[in-house]
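Please read the structure below before turning to the comments.
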Amino acid sequence: MADSSFTAPSGTHDVLAPESSRWGSLVAHFAGHVGRAGYGLVISPMFEELGVFHRVGEGTDIVTKEMYDFTDKGGRHMALRPEGTASIVRAYVQHRPVGSPWKAWYVGPNFRYERPQAGRYRQHHQLGIEAMGADDPDLDVEVIALQADLYASLGLRQVDLVVNSMGTADDRSSYTETLGAWLGERSDDLDPADRPTVATNPMRVLDSKRAATRAVTDDAPRIDESLTTEARDRFARVLEGLDALGIEHRVEPRLVRGLDYYTHTTFEFQARALEGAQNGIGGGGRYDGLAQALGGPSTPGIGFGTGIERMLLACDAEGVFPAAEAASSIFIVDVVDGTHARDLVADLRRAGLAADRAYGGRSMKSQMKAADRSGAAIALIIGEDEAAADEVTVRDLRHDEPQERIALDTVIDHLRKRL
RNA sequence: GUGGCCGUAGCUCAGGUGGUUAGAGCGCCAGGUUGUGGCCCUGGAGGUCGGGGGUUCGAGUCCCCUCGGUCACCCCA
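Here the first sequence is numbered in the working numbering, starting from 3 and rising by one per residue.
Written out as structure tokens, the structure is:
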């Protein structure tokens, strides 16, 4: 692009109508879906003190390499939020809302400084829910079921669910230690690019796609072998619940999610219809230690997040959830002087009808063309004859029916009967 | 952050080995039909060929730099 013109920043996108109407529909659909399950909207800031994010994911790329952080004019070190959960939990800790659990949903942008590619953006948008204050495994089942049913209700069929359990925070740290030691002994066999990760975040190595590393990690100790009996029983109860609800899933002990705060249940949904690497359309898990890490009381919590862009990409790939047509139903053509259109369009809109008109005093042919393109069902035509008689000509744009002339003051009643 | 590919009208793209005023389709505007859309026909508007530098008598075309897009890696929604 030329230096003299501006474009949206790299990795960001303008969403115009009609595509934007899909976003609106999706958010409204989501609000109804989780609203019926008791989740209420929470609106939280798009930026927080850096520490909110830093404290919850010190070993993750999302907070170590990819944050948009800045110092504000007051000298505070802030960051645009790279993920949704930390802000919600921070809000929970701050306000201590009632409810056991407290159920919240959110929608909004997340920011990550990464190299953009298909399905990956520097600003992307997520819908999600969080439920805090209950550690009942049935709540894990509810959250996963809500997410699975969300995709199904959009029409998505080619979606796989993988689940895993990280156990308690103790389970997780002892496993991390075991795995780190085990990998450390085999460091030379790993792909060189993965070797530094053994020290910083051993579990991430399990997620590597590199062949050499995979060959090693295929035989690595598994997390499910490190779980306490209680954690194992708990996970079994979750899996039993998924079975009972008919939610297909695959247990994947190597599933490692991008954030470090997860305990017990973690899960991820993958769209088979999306080619390439960016097929994760959403995921989540339990984070029983997060509230405490943010300075609050020890509080269990679980939630999921799902990417709007990736959901819509998956919908495109499967040919479901199309954009709704946002056509006005009535289009006014005034070839006299425009004042009739000016007044009539306002009257119709005040009466709650969807009405639009042509501008600029163009020819009848041109205005009729505009009426056609607008997708309106009915054109109201006002020429010299109609104006003189205080009438309008009603023309059906979708059916071949004779047009009729009616009195101006009966137009609204007439249209209400027809539409 | 690393690598591949690509930047010509609002959009999708043509423009052999450098050669007169840079083209098409779609879209837009108008006319054909002086009161009627869709189909058809005709015309018009719209481009510093991403930007800068270089080679050359001459660069959309060749070279260098740069910016942007895209795809993949890393990572993730």
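Beta carbons: idealized from backbone N, C-alpha and C, even for Gly.
Cβ-Cβ separation, residue j to residue i (assumed contact under 8 Å), whole Å
i	j	result
Ser-89	Arg-98	With 8 Å as the limit, Ser-89 and Arg-98 do not qualify as a contact, their Cβ atoms being about 16 Å apart.
Gly-59	Leu-261	5 Å
Phe-306	Gly-285	6 Å
Gly-169	Thr-230	6 Å
Val-347	Ala-357	5 Å
Val-200	Gly-186	6 Å
Glu-320	Leu-158	6 Å
Trp-107	Val-54	About 20 Å separates the two Cβ atoms, so there is no contact after all.
Leu-257	Val-91	With 8 Å as the limit, Leu-257 and Val-91 do not qualify as a contact, their Cβ atoms being about 22 Å apart.
Glu-50	Ala-81	6 Å
Arg-288	Glu-270	Going by Cβ atoms, the distance from Arg-288 to Glu-270 rounds to 14 Å, so no, they are not a contact pair.
Proximal residues to residue i (C-beta, below 7 Å), its chain only, five neighbours per side dropped
i	result
Ala-147	Leu-247, Ile-249
Arg-114	Ile-64, Glu-68, Pro-84, Arg-124
Arg-224	Pro-255
Arg-400	Ala-379
Ile-408	Glu-393, Val-394, Val-396, His-416
Leu-315	Gly-121, Leu-276
His-342	Asp-336, Ile-384, Ala-389
Arg-239	Pro-139
Ser-376	Ala-329, Ser-330, Phe-333, Asp-358
Residue environment, residue i, which counts as buried when at least 16 other CB atoms sit within 10 Å
i	result
Glu-427	With the chain running from 3 to 421 in the structure shown, residue 427 is simply not present.
Glu-311	buried
Ile-45	exposed
Thr-267	buried
Asp-392	exposed
Gly-76	exposed
Met-3	Residue placement at Met-3 is poorly supported in this model, since its pLDDT is 38, which falls under 50; the coordinates still yield a value, given next. When all chains shown are included, Met-3 counts as exposed.
Arg-420	exposed
Val-322	exposed
Thr-412	exposed
Pro-139	buried
His-79	exposed
Asp-5	In this predicted model, Asp-5 has a pLDDT of only 42, less than 50, meaning its place in the structure is not dependable; the value taken from the coordinates is given anyway. Asp-5 should be labelled exposed.
Thr-215	buried
Glu-179	exposed
C-alpha gap between residue i and residue j, whole angstroms
i	j	result
Asp-290	Met-205	19 Å
Gly-130	Ala-273	17 Å
Trp-184	Arg-174	15 Å
His-416	Leu-410	10 Å
Gln-405	Cys-317	41 Å
Ser-331	Gly-86	39 Å
Glu-21	Pro-118	20 Å
Thr-301	His-56	19 Å
Asp-74	Met-48	14 Å
Leu-276	Ala-326	23 Å
Asn-166	Arg-252	9 Å
Arg-188	Tyr-263	27 Å
Gly-61	Val-164	23 Å
Leu-18	Thr-202	42 Å
Ile-384	Pro-11	46 Å
Gln-149	Ala-93	23 Å
Ala-381	Asp-142	54 Å
Gly-354	Ile-414	10 Å
Asp-190	Tyr-177	21 Å
Phe-333	Trp-25	26 Å
Asp-398	Arg-364	21 Å
Tyr-70	Gln-280	21 Å
Arg-38	Ser-23	22 Å
Ala-154	Tyr-41	19 Å
Asp-137	Asn-112	27 Å
Asp-235	Phe-8	57 Å
Pro-324	Glu-232	45 Å
Gln-160	Met-313	12 Å
Leu-156	Thr-308	13 Å
Asp-243	Thr-265	For the sequence presented, residue 243 should be read as Gly rather than Asp. Those two C-alpha atoms are separated by around 18 Å.
Spatial neighbours of residue i in its chain, beta-carbon cut-off 6 Å, leaving aside the 5 residues before and after
i	result
Val-109	Val-29, Leu-129
Asp-162	Gln-272
Ser-210	Asp-196
Gly-298	Val-95
Ala-372	Ala-360
Phe-237	Ser-167
Val-337	Met-366, Gly-385
Close-in-space but distant-in-sequence residues of the same chain around residue i (CB under 8 Å, 5 per side omitted)
i	result
Ala-213	Asp-193
Ala-295	Arg-57, Val-58, Tyr-263
Gly-135	Gly-101, Ser-102, Pro-103, Trp-104, Thr-301, Pro-302, Gly-303
Val-145	Ile-131, Ala-133, Gly-286, Ile-304, Gly-305, Phe-306
Contact test: residue i Cβ vs the ligand GTP heavy atom, cutoff 7 Å
i	result
Glu-132	With respect to the ligand GTP, the structure offers nothing, as it holds no ligand at all.
So within the stretch 344 to 419, which uninterrupted beta strand (DSSP E) runs reach at least 3 residues, ignoring any that extend past its ends?
357 to 359, 380 to 384, 393 to 398, 406 to 409
In chain order, each alpha helix (DSSP H) run of at least 4 residues that lies wholly inside the stretch 138 to 193
139 to 156, 171 to 187
If we require 4 or more residues per run, which alpha helix (DSSP H) segments fall completely within the stretch 205 to 270?
With a minimum length of 4 residues, the continuous alpha helix (DSSP H) runs that stay inside the stretch 205 to 270 are 213 to 219, 231 to 246.
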